[in-house]
Amino acid sequence: MDAIHIGMSSTPLVKHTAGAGLKANRPRVMSKSGHSNVRIDKVDGIYLLYLQDLWTTVIDMKWRYKLTLFATTFVMTWFLFGVIYYAIAFIHGDLEPSEPISNHTPCIMKVDSLTGAFLFSLESQTTIGYGVRSITEECPHAIFLLVAQLVITTLIEIFITGTFLAKIARPKKRAETIKFSHCAVITKQNGKLCLVIQVANMRKSLLIQCQLSGKLLQTHVTKEGERILLNQATVKFHVDSSSES
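Here it is, written out as structure tokens:
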């Protein structure tokens, strides 16, 4: 395990008092895994901002919400186009006669109900190809609708596959095998106070070109009297087994 030191020559030590124990129970700004616990509320148009960057929004979604969203999207597209196919058959008069007329050619064969239209939409989109239901040359607008459905659903499938691969390829879980010591030590080295922690890579694969950085979050009061609740100060780290910071 490598020890990491940060200089604390200008940072005074905090003595343990009764109030210090109370402060330790306050919620953390950053979790130990590096996730921010700051929640942004009461921002006008925040949902519109998320929709404008739909790619990142979908990738950041949790898996249960992502799977629910995509399953709902497919079912809704099947049902929506099924309703349109049913409306085309109704307008064309394919559903009116109780007995089919000998010279009447329906727009879609074997579609005489909303359930049949839904099944035709599902079979067309998933390219099952049972061969029972098919579009005839009687209705060009039905043919155009089928082409539009295939194009739209192909784009949806490309988007879904891309977001799944992008989420899986994220190195988010790699941090789970990088462990930090539970305790830190403030000690004096080379005449300077240093905060010493240990970091261990639990995998056999090496980390190439990794960088160590840190932020010290504290309340700061400027000379003008302005009180900054979360003032971020950059903290320099140094690895004892390397000459790089």
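Just so it is clear: in the sequence shown, position 187 is 187 by full-length UniProt numbering, and no numbers are missing.
For every residue, glycine included, the Cβ atom is placed at its ideal position computed from N, Cα and C.
Roughly how many angstroms lie between the CA atoms of residue 221 and residue 231, to the nearest whole one? One Cα belongs to residue 221, the other to residue 231, and the distance between them is close to 9 angstroms.
With three or more beta-carbon pairs closer than 8 angstroms as the criterion, would you say the region 88-97 touches the region 42-58? The region 88-97 vs the region 42-58: no contact.
In whole angstroms, what separates the C-alpha of residue 110 from that of residue 39? Residue 110 and residue 39: Cα-Cα distance of roughly 54 angstroms.
Length-filtered (4 minimum) alpha helix (DSSP H) runs lying within the region 142-221: You should have found no qualifying run.
Is residue 113 helix, strand or coil when you go by DSSP? DSSP places residue 113 in coil when its eight states are reduced to three.
Taking 8 angstroms as the cut-off, does the region 78-85 touch the region 110-124 (at least 3 CB pairs, one atom from each stretch)? Yes, they touch.
Inter-residue Cα distance where the pair is residue 72 and residue 78: For residue 72 and residue 78, the distance between alpha carbons rounds to 10 angstroms.
Using DSSP bridges, identify the partner residues of residue 231. When beta bridges are read from the DSSP output, residue 231 appears opposite 218.
Determine the DSSP secondary structure at residue 121, reduced to helix, strand or coil. Reduced to three states, the DSSP call for residue 121 is helix.
With H, G and I counted as helix, E and B as strand and the rest as coil, what does DSSP make of residue 91? Correct three-state label for residue 91: helix.
Please report how far the alpha carbon of residue 239 lies from the alpha carbon of residue 156, in whole angstroms. Taking the straight line joining both Cα atoms gives about 47 angstroms.
Taking 7 angstroms as the limit between beta carbons, can you name the residues of its chain near residue 65, skipping five residues before and five after? Nothing listed; no residue qualifies.
Specify whether the region 164-171 and the region 131-151 touch according to this definition: at least 3 beta carbon pairs, one from each stretch, less than 8 angstroms apart. In short, these stretches do not touch, since the Cβ pair count stays below three.
Exposure of residue 46, with buried meaning 16 or more beta-carbon neighbours within 10 Å: Per the 10 Å Cβ criterion, exposed.
Distance between residue 214 and residue 317 (C-alpha atoms, nearest Å): Any answer about residue 317 is impossible in this case: the structure gives the chain only from 1 up to 245.
With distances taken between CB atoms, is the gap from residue 159 to residue 58 smaller than 9 angstroms? Cβ distance < 9 angstroms, so residue 159 and residue 58 count as in contact.
Identity of the residues DSSP links to residue 61 by a beta bridge: Beta-bridge pairing links residue 61 to no other residue.
Taking its Cβ as the centre, do 16 or more other Cβ atoms sit within 10 Å of residue 225, making it buried, or is it exposed? Exposed, because fewer than 16 other Cβ atoms sit within 10 Å of the Cβ of residue 225.
Tell me the rounded alpha-carbon separation between residue 132 and residue 50. Roughly 43 angstroms separates the two Cα atoms.
Terminal residues of the alpha helix (DSSP H) in which residue 46 lies: Segment 46-52, the alpha helix (DSSP H) holding residue 46.
Could you give the distance in angstroms between the alpha-carbon of residue 203 and the alpha-carbon of residue 183? So the two alpha carbons sit approximately 22 angstroms from each other.
Buried or exposed for residue 107, please, with buried defined as at least 16 other CB atoms from any protein chain shown within 10 angstroms of its CB. Around the CB of residue 107, 16 or more other CB atoms lie within 10 Å, so the residue is classed as buried.
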